[in-house]
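What follows is one structure encoded as structure tokens, with my remarks underneath.
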Amino acid sequence: MSKKVPNFSLSKGLAFYQVPDCLKVLTELEERLISPRIPFMAIRSLGFRKQFGLKGNL
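Under our numbering, the letters of the sequence shown match residues 82 to 139, in that order.
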């Protein structure tokens with residue numbers, strides 16, 4: 082087993098920022114609209130029961 086510290090660790094400076102209060106109250110749709118990275122996906126009808134599904138790089 083290696084005793085090397087992983088590159089993505091807190092001891093090497095990786096830390097997550099605190100989420101501002103104004104962003105904590107957003108809905109999932111609002112989060113996607115303001116996201117700096119938007120995955121390409123398509124919403125498709127799955128059949129006669131009016132259900133929908135996602136297709137693409139999620």
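Each residue gets a CB set at the ideal place from its N, CA and C atoms; glycine is no exception.
It should be emphasised that the depicted structure is a prediction, and the values quoted were computed from it without experimental measurement.
Report all residues from its chain with a CB closer than 7 angstroms to the CB of residue i; omit the five preceding and five following residues, and keep chain order.
i, result
"GLY134", "ARG125, LEU127"
Report yes if the C-beta distance between residue i and residue j is below 9 angstroms; otherwise report no.
i, j, result
"MET154", "LYS105", "Outside the displayed span of the chain (82 to 139) sits residue 154, for which this structure offers no information."
"VAL86", "LYS93", "yes"
How long is the line joining the alpha carbons of residue i and residue j, rounded to whole angstroms?
i, j, result
"ASN88", "LEU95", "9 angstroms"
"LEU110", "SER90", "31 angstroms"
Pull the bridge partners of residue i from the DSSP assignment, please.
i, result
"LEU91", "In DSSP, LEU91 forms no bridge with anything."
"PHE133", "SER126"
In its own chain, which residues sit with a C-beta less than 8 angstroms from the C-beta of residue i, not counting the 5 before and 5 after it?
i, result
"GLN132", "SER126"
"LEU107", "ILE115"
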